[in-house]
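Chains as they are written, first to last, in our numbering: chain A, 1 to 243; chain B, 244 to 490; chain C, 491 to 737; chain D, 738 to 969; chain E, 970 to 1201. Notes follow once the structure below has been shown.
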Ligand SMILES: Nc1ncnc2c1ncn2[C@@H]1O[C@H](COP(=O)(O)OP(=O)(O)OP(=O)(O)O)[C@@H](O)[C@H]1O
Ligand SMILES: Nc1ncnc2c1ncn2[C@@H]1O[C@H](COP(=O)(O)OP(=O)(O)OP(=O)(O)O)[C@@H](O)[C@H]1O
Ligand SMILES: [Mg+2]
Ligand SMILES: [Mg+2]
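Dropping the structure here:
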């Protein structure tokens, strides 16, 4: 009954790491994209992976690992695809190929309440806490900020609160997710969507997996068409950010 | 003047020294004799506070110390400066050359000027016949050489009492004689000696006073002459055993 | 039969043994005498291959070994099984009890049954007067006790030759006598002995043959009687020095 | 905060029992064997072709001591698949994460511990070797029966350091896709946004495991020192 | 690949010289002093109120050996600001990353090295203490002049292990916002997505630093062993 069966060409399956299985790399430490709840891996990208695999007639297998392991593992064929809030950049395109975007992620700038920093222009020369290897780091760097490495979103907010950095840029969705269960006293949020185009979040493939990539794009298109993508987005982000 | 009163020392169950009361006269050589394991080393080590007896009183010149009450660090250092030990197993410092072994105490403890100490150390090495071994490390010495360095090291401290635990047991007769001469000479200076030995001939030669220990008890405590003409059966046996071995 | 031919051993610049040629007859006790540092220990250690002389030939019964060519591991083990060393510094194994020290060789090297070895070990401990110290660790022994355990340990291996480096230097005369008796008894069994000592009386008592070493050279090599009536001035001096020390 | 702890602890314990503990124990034991072999080869005074073997082991110790453990894990897990050996492994050497982890941790521990063991063997007086040789022991008998039992006493605390260090270094396995205890704590922290609490919690769990090891160390120290008395 | 290396190396070297090397050296020296003090206190047989001091130091060693270094860094840097001590630090203890890093690394190294030093002191025969006491030395003279110079020989390889380990552990400083060498390599890898290449490169740089330390270790071993001859 899965749509994968109905496609005329199953040759993409030869590109799979493990027969009948779509091996998906992700960090598992970034809410609401992928994280652990009650002992189980969950999040937008986890559910998306499951749905994609199902559409392709495959079983999804998730391999959580650090971001550096994700990239290296794709190179040595440890996973078929990486779904980890990755933006397409020219540098990355040299070594990898991308799927069609599945999220258009809006950036947010988080500062201390009453601080003068409000816009992207203001961060030049300021200290911003960003996770190494993230899109946010890229944006902050492009706008002349000094990067202070930080492991995760909560740590970045601690750094801002303790006046150890001036601000942090992150996905708007991360901020909302945080706000749901934590106090944001002393912090302000500035939407950057007017200044900065949303980041196109894509799946990352090994250069050799071209057929797998097109098959994934097909599945993604189908999920978009039948409203699954929108449903997932509403569930995790409280809004549809897949378009 | 060194004096012990009712000194007791146990190792666990083993009562190594029992109610030892005796004196070690100044300017004299006291020899401690006795069979193996009788407690001679333990007695000597107690005098240098390397063993801490459970009870007993220790008189050193005008000072009195009570082992039962414990002896302060300051007093301990003071006593050790006035007594010097030569060990059965030499215990030279392996990381220092022979010369430095001898100089270590005078420089670090007595705080004497280095040049002077070095001169003295060379003289002492000559005295024990090892002038050419000054810059050698202890592990390159033969047993006899090591023991001679140990003796020189203790002489360098110019202590009031020198405590020697079988100082010549590893020396050949020729050198034993030389060391004997050195020790005799020292006994005429203001320092005094207490020697544990198994060599009866040596004891007879050097002792002013003899203490005979067995099983932690003093069986004899008197003059050299009295010892060798004692009528105590045990001691006579001991002496005759020695005599047989030395025929 | 043990024989050395033109054996040479140097420590760096120091030529410790020079062209040593001699024999150590079977069923006899050979005593090595000489001043401190003359090379006695080195000679004995060469027989057990603990030192590797640069040149010379080593005859053991029907086997001939050439030091210049090196001796294989197999031959080394073979020689060591037939010779047993008692060290100046005891070298007991500190992590094993006295009993285990004695049993280690027979069980591990000779592969004899444990029960039998244990029985023998107890008997040997009794022989050296330490029956009650079987379960004690070496660091709780006095010097004399430790040396007696070392002797028992070597006896347990029932070697053809026992090599003793000043075996009685730390023993008191009574026990020296006991050990002497033990050693004399062994000398009548099929094993043979080579003993380094400084005790002339002991040498005179126990030696069949005497070798006198000085500065790495053999100055005398002959019978016990010949040695003590030698006219060699150096040796006569050495003996008389001993005699004075032993008056 | 208490509900976080109550909720997270079982997950952490499961991850600890499943990965952290077994990986540490297996790697340490393998590493110890490797360390002993390495120390013995490096201490040997054998000449000739044996010198090549010594050089190889010296290189091994240098390599694994001098480079970061994380990088070693990376190369073994992600790098070896690129190493295509025509006959042995034509498709590159592909190890499962667990095998890659244990191999790397063992090699790393082996390099460090070999230095500790080497030093402890050197600390045993020459006379002990001689006494062992004199009763006719071979080199390996002397080692196993006389030298090593004494060397253990000196090397126990630094070896325990290595073991305890290893337990915590297993957290690096997260980089080669093993979701061990520390990684689980981070995944949970991503949900509850309380990294400091999660860190303290996971630290407490490590502390439990390491305390057991410290206790074992103390016990072994007592056992191996029963024959020594030291001056104060 | 070559352009990556040519481009990245200078940045890595600068970060290494600016953070990795100074943090390692300063922390190791401070840690060594702390380790020595700790070892001596723990070895002391003093009684009475001194036992409280011993318990404190035992706790310190336990705490810093038993918990992950990363967590220690986190707590010192992020946790201490919450610790508001009314008179001493009413606003919490807020350390700069460098200070927090050096304090934590020193405390951590100190805990591990104290065990090594303790073992090495215990390995010196009792007779050496007695000979030193006999010539009238105080405990501290005996220690500094007689015991420690001999103990150094036994403890050098495990101490070198700790130092070399520390050099690489400084990479954890990234978690408290210090952009040291490893973090720089990660940042570059985040751009070019070639972590394997970057890691090999940074490993090579660590290897250079650690090789210098190994060489120093070998040299010191030779110097401190000049008085020993060992059987083969
Ligand atoms: N540290 C110790 N622990 C337990 N027992 C000990 C210790 N030191 C000595 N002894 C025991 O105390 C007794 C006396 O020992 P000591 O060394 O004083 O004898 P000694 O007369 O010097 O013997 P030797 O002539 O053999 O040197 C012996 O039985 C010995 O076993
Ligand atoms: N390992 C060594 N390194 C350098 N020199 C050594 C070494 N062992 C011995 N010697 C030297 O070789 C010479 C002979 O030493 P040996 O120990 O054989 O003398 P010995 O006759 O046994 O003396 P003693 O009666 O004092 O034991 C001595 O001068 C000694 O300094
Ligand atoms: Mg004694
Ligand atoms: Mg000798």
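Backbone N, C-alpha and C define an ideal beta-carbon position, used for all residues, glycine too.
Cβ-based burial, residue i [other Cβ within 10 Å; buried from 16]
i: residue 452(B); result: buried
i: residue 866(D); result: buried
i: residue 515(C); result: exposed
i: residue 517(C); result: exposed
i: residue 142(A); result: exposed
i: residue 981(E); result: buried
i: residue 613(C); result: exposed
i: residue 554(C); result: exposed
i: residue 593(C); result: buried
i: residue 1113(E); result: exposed
i: residue 113(A); result: exposed
i: residue 1020(E); result: exposed
i: residue 751(D); result: exposed
Cβ shell of residue i (< 8 Å), same chain only, five flanking positions each side left out
i: residue 887(D); result: 861, 865
i: residue 584(C); result: 627, 628, 629
i: residue 889(D); result: 857, 957, 961
i: residue 1182(E); result: 1129, 1132, 1133, 1136
i: residue 296(B); result: 250, 251, 252, 260, 289, 310
i: residue 1116(E); result: 1090, 1093, 1097, 1098, 1101
Coil, strand or helix - residue i by DSSP
i: residue 1217(E); result: Residue 1217(E) is absent from the structure shown; chain E starts at 970 and stops at 1201.
i: residue 450(B); result: coil
i: residue 310(B); result: helix
i: residue 4(A); result: Confidence in residue 4(A) is poor, its pLDDT being 44 and thus under 50, which makes the residue's placement unreliable; the coordinate value appears in the next sentence. Correct three-state label for residue 4(A): helix.
i: residue 162(A); result: coil
i: residue 1093(E); result: coil
i: residue 330(B); result: coil
i: residue 1056(E); result: coil
i: residue 19(A); result: coil
i: residue 186(A); result: coil
i: residue 436(B); result: strand
C-beta contact flag for residue i and residue j at 9 Å
i: residue 299(B); j: residue 456(B); result: no
i: residue 377(B); j: residue 339(B); result: no
i: residue 494(C); j: residue 536(C); result: yes
i: residue 41(A); j: residue 84(A); result: no
i: residue 940(D); j: residue 1037(E); result: yes
i: residue 1079(E); j: residue 1033(E); result: yes
Residues of its chain near residue i, where Cβ-Cβ distance is below 7 Å and the 5 sequence neighbours each way are ignored
i: residue 1124(E); result: 1085, 1086, 1089
i: residue 969(D); result: With a pLDDT of only 38 at residue 969(D), under 50, the local geometry of the prediction cannot be trusted, and no value is derived from it.
Cβ neighbours of residue i in the same chain (closer than 6 Å, five flanking residues each side left out)
i: residue 223(A); result: 51, 229
i: residue 311(B); result: 298
i: residue 449(B); result: 272
i: residue 149(A); result: 132
i: residue 736(C); result: The pLDDT assigned to residue 736(C) is 41, lower than 50, so where the model puts this residue is not dependable; a value taken from the coordinates is nonetheless given after this. Excluding sequence neighbours, residue 736(C) sits near nothing in its chain.
Count the C-beta pairs between the region 915-930 of chain D and the region 995-1013 of chain E that are closer than 8 Å, then say yes if the count reaches three, no if not. no
Would you call the region 86-100 of chain A and the region 181-190 of chain A in contact, with 3 or more CB pairs under 8 Å? no
With contact counted as at least three CB pairs below 8 Å, one residue from each stretch, are the region 462-469 of chain B and the region 498-507 of chain C in contact? no
Just checking, does the region 10-20 of chain A make contact with the region 205-218 of chain A on the three C-beta pairs under 8 Å criterion? The region 10-20 of chain A is in contact with the region 205-218 of chain A.
Contact residues within the region 359-388 of chain B, judged by C-beta distance below 7 Å to chain G: The structure shown has no chain G; the protein chains it does contain are A, B, C, D and E.
Counting pairs of beta carbons, one from the region 169-178 of chain A and one from the region 102-116 of chain A, are three or more of them closer than 8 Å? yes
Per the contact definition of three or more C-beta pairs closer than 8 Å, is the region 788-797 of chain D in contact with the region 821-840 of chain D? Short answer: they don't touch.
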